[in-house]
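Colleague:
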Amino acid sequence: NAGVMQNPRHLVRRRGQEARLRCSPMKGHSHVYWYRQLPEEGLKFMVYLQKENIIDESGMPKERFSAEFPKEGPSILRIQQVVRGDSAAYFCASSPLGGSWDEQFFGPGTRLTVL
Amino acid sequence: TQLLEQSPQFLSIQEGENLTVYCNSSSVFSSLQWYRQEPGEGPVLLVTVVTGGEVKKLKRLTFQFGDARKDSSLHITAAQPGDTGLYLCAGGRGGGFKTIFGAGTRLFVKA
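Protein chains in written order, with this note's numbering: chain A, 1 to 115; chain B, 116 to 226.
Here it is in structure tokens:
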């Protein structure tokens, strides 16, 4: 049973470009969470999605950031017009049942560098 | 403002020593998890505690949830170099979906 997959593992973008980060949850999991981690810091919640629905996006910046989890295919975190401050590791997690009490399984992360 | 404060932020010890790291909050959490994260990887869940006063053991690791469900501790006995990593606590609030993470304790165990 494959774990949570994220790609790319490393992504370099110039200021103003778009970044697309993909996450395939574990088989059988229909709940996906995205987190951002800055160096020497913990993970900051961004968004929680179920298939075709955004449940909680309270941690996501209002502008330039969007997330989706379509019926088919991976979840996508999209950052438009990237700025240097977007450089971070972005982690995706999935769970079978949802809710903050449910065990979340993390992917290896995508490290975004904005030049 | 960090809802979950972890201490110490950094700990460097010799192999064989014991250590305790702490996770404190002024808020009540319905559950609390401890994760270990290695460089370049995602966090891996070690344990979830849900009942005030609960103690869980995982080999040389002992986890305790405070009676009031506002704090937790992780005690490692006879630390080994393989224990090196970033230890994160994370809490869930009842009825919500957001998991809140502490900033972590970075542990380095020297051989």
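Ideal Cβ placement from N, Cα and C applies to all residues, glycine included.
Pick helix, strand or coil for Asp186 of chain B, following the three-state DSSP scheme.
Modeller: Numbered from 1 along the second sequence, position 71 holds the residue referred to as residue 186 of chain B. It is a strand residue.
Colleague: Spatial neighbours of Asp56 of chain A within its chain, please: C-beta separation below 6 Å, excluding the five flanking residues on both sides.
Modeller: Taking the first sequence and counting its residues from 1, the one referred to as residue 56 of chain A is at position 56. Once the five neighbours on either side are set aside, the close Cβ partners of Asp56 of chain A are Tyr48.
Colleague: Could you tell me which chain B residues have their CB closer than 8 Å to the CB of Ser58 of chain A, listed as they occur along the chain?
Modeller: Start at 1 with the first residue of the first sequence, and residue 58 of chain A comes out as number 58. Per Cβ cutoff of 8 Å: Lys213.
Colleague: Thinking C-alpha only, which one of A:Pro25, A:Arg36 and A:Gly16 is nearest Arg64 of chain A?
Modeller: On the first sequence, residue 64 of chain A is found 64 positions in, with the first residue counted as 1. Out of A:Pro25, A:Arg36 and A:Gly16, A:Gly16 has the C-alpha closest to the C-alpha of Arg64 of chain A.
Colleague: Under 9 Å Cβ-Cβ, which residues of chain B neighbour Phe106 of chain A?
Modeller: Here residue 106 of chain A corresponds to residue number 106 of the first sequence, with the count starting at 1. Those are Tyr150, Gln152, Glu156, Gly157, Pro158, Val159 and Leu160, listed as they occur along chain B.
Colleague: Determine whether the beta carbon atoms of Gln148 of chain B and Thr163 of chain B lie at a separation below 8 Å.
Modeller: Position 33 of the second sequence, counted from the start, is the residue given in the question as residue 148 of chain B. Position 48 of the second sequence, counted from the start, is the residue given in the question as residue 163 of chain B. Cβ distance < 8 Å, so Gln148 of chain B and Thr163 of chain B count as in contact.
Colleague: Who are the near neighbours of Gln124 of chain B in its chain, counting only those whose CB is closer than 8 Å to its CB and skipping five residues on each side?
Modeller: On the second sequence, position 9 is the one that residue 124 of chain B refers to. Closer than 8 Å at Cβ, skipping near neighbours: Ala218, Gly219, Thr220 and Arg221.
Colleague: Can you name the residues of chain A whose CB is closer than 9 Å to the CB of Ala183 of chain B?
Modeller: On the second sequence, position 68 is the one that residue 183 of chain B refers to. Under the 9 Å cutoff, chain A gives no residues; its nearest Cβ is about 18 Å from Ala183 of chain B.
Colleague: Alpha carbon to alpha carbon, how far is Lys27 of chain A from Leu11 of chain A? Give it in angstroms, no decimals.
Modeller: Your numbering for residue 11 of chain A matches position 11 in the first sequence. Your numbering for residue 27 of chain A matches position 27 in the first sequence. In a straight line, the C-alpha of Leu11 of chain A is about 25 Å away from that of Lys27 of chain A.
Colleague: With a threshold of 8 Å between beta carbons, is Phe65 of chain A in contact with chain B?
Modeller: Residue mapping note: residue 65 of chain A aligns to position 65 of the first sequence, counting from 1. It does not; no Cβ of chain B falls within 8 Å.
Colleague: How would you list, in chain order, the residues of chain B whose beta-carbon sits under 7 Å from the beta-carbon of Leu11 of chain A?
Modeller: Counting from 1 along the first sequence, the entry for residue 11 of chain A is found at position 11. Under the 7 Å cutoff, chain B gives no residues; its nearest Cβ is about 14 Å from Leu11 of chain A.
Colleague: Can you tell me whether DSSP reads Pro207 of chain B as helix, strand or coil?
Modeller: Position 92 of the second sequence, counted from the start, is the residue given in the question as residue 207 of chain B. Just to set this straight, residue 207 of chain B is Gly in the shown sequence, not Pro. DSSP places Gly207 of chain B in strand when its eight states are reduced to three.
Colleague: Whose C-beta lies closer than 7 Å to the C-beta of Ala226 of chain B among residues of the same chain, with five residues either side of it excluded?
Modeller: Here the question's residue 226 of chain B lines up with position 111 in the second sequence. Contacts found: Glu130 and Pro196.
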